[in-house]
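Residue numbers (this note's numbering): 62 to 431.
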């Protein structure tokens, strides 16, 4: 029986709930919108399947993936790095795969199943919030059991949950994870959207995290109303400051080169120094790690023209390939303020212009090393 003593022990992959033969486990939201398993003791038979399938543990595998810098010119304008994720999904659907990825429906991020290229549009661009996986592991296993080939994309912990669920069907499953900084709570994103709606003029039509329109190296979100587009970075600041992450993100076992996936995707930060001239236009470049033979084989050719070059991984090592993101020292205070007083108050006290950050900068500038 799943019994959580520490919230940091659960990543919310939903594998346990999907695997329970008695349907005794349901995923319940906490105050920040994170899903956690709750077991109905009257239904549970203590079969142990939920514990055995739990994926939040050290992954197994090699530690020397091959690394490439890769970019797809025709996708750069609608991608946040080099377009690798879309290129993988495009090739998959054209080769008969079922594709699972994160989509934003009415400002809510959840995983979706797609079988055609038109459906892939919803998977474009990153979503800096934990996507809802409820029911998805069972759907993936159902497709695999029916003989379908599946491409699943998601965070490393989500991918680990899918791999664990798909025991016995791994041959037809291709898994692509991301270099993950961590995931904020869905309730926070929902409240932030509501706040922007109140501040904006007109009907909200679209929202983008780290809008590529502002350049690859910039971290601004945007909200498009029927009256125009608004650029801001309130949410991005909280995200990159590690103030609103899921507790498990700060002890993530997947922040290493031992991946639960066949392919790992991320921004190829530092490529300008390693490969001068390769991606100097600020339009983005993907880092692709090939972790398995299946990943190597699938990426040998793409349907869309690409620029790619192998490079030494140690020259472009990203932070979350060797350690988890460290929680902000005021993360607990942020969570308490948010739960008690709401997002707007939490943003006022912990956002970019908040006194606590101005004070920290003052202390660092005038007293560091003294």
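We treat Cβ as the ideally placed atom computed from N, Cα and C, and that holds for glycine.
Here the structure is a predicted model, which is why all the values come from computation and not from measurement.
With a threshold of 16 other beta carbon atoms within 10 Å, residue 377 meets it and is buried.
Taking C-beta atoms under 8 angstroms as the contact rule, residue 128 and residue 369 fail to qualify, at a distance of about 11 angstroms. Excluding residues up to 5 positions away in sequence, 285 lie with their Cβ nearer than 7 angstroms to the Cβ of residue 267 in the same chain. At a cut-off of 4 residues, the continuous stretches assigned as alpha helix (DSSP H) that sit fully inside the region 299-374 are 332-335 and 354-359. Straight-line spacing of the CA atoms in residue 104 and residue 79 works out to 15 angstroms.
Judged by DSSP secondary structure, residue 124 falls outside any alpha helix (DSSP H); it is assigned neither H nor E.
Secondary structure at residue 393: helix, using DSSP grouped into helix, strand and coil. Per the coordinates, the alpha-carbon of residue 121 lies some 11 angstroms from the alpha-carbon of residue 314. For the region 122-183, the continuous beta strand (DSSP E) assignments of 3+ residues that do not extend past its boundaries occur at 127-132, 159-166 and 169-175, in sequence order. Around the beta-carbon of residue 107, fewer than 16 other beta-carbon atoms lie within 10 Å, marking it exposed. With a cutoff of 8 angstroms on beta-carbon distance, residue 115 and residue 86 are scored as not near each other. In the DSSP assignment, residue 406 falls within the unbroken alpha helix (DSSP H) covering 404-411.
Between the region 234-249 and the region 269-286, the count of C-beta pairs closer than 8 angstroms stays below three; the two stretches do not touch. Beta-bridge pairing by DSSP links residue 239 to 326. Proximity of the region 64-84 to the region 208-225 meets the contact definition, three or more beta-carbon pairs being nearer than 8 angstroms. For residue 203, the uninterrupted alpha helix (DSSP H) run begins and ends at 197-206, by DSSP. Between residue 210 and residue 253, the gap from beta carbon to beta carbon reaches 8 angstroms or more. The criterion of a C-beta distance shorter than 8 angstroms is satisfied by residue 318 and residue 382.
Per DSSP, reduced to three states, the secondary structure at residue 293 is strand.
In terms of Cα proximity to residue 354, the closest of 332, 234 and 162 is 234.
Boundaries cannot be given for residue 63, as no alpha helix (DSSP H) includes it and DSSP labels it neither H nor E. Residue 398 carries a helical assignment under DSSP once its states are collapsed to helix, strand and coil. Residue pairing by DSSP puts residue 267 in a beta bridge opposite 285.
Around the Cβ of residue 348, a 10 Å sphere holds 16 or more other Cβ atoms; the residue is buried.
Judged by DSSP secondary structure, residue 251 falls outside any beta strand (DSSP E) and instead within the alpha helix (DSSP H) spanning 247-260.
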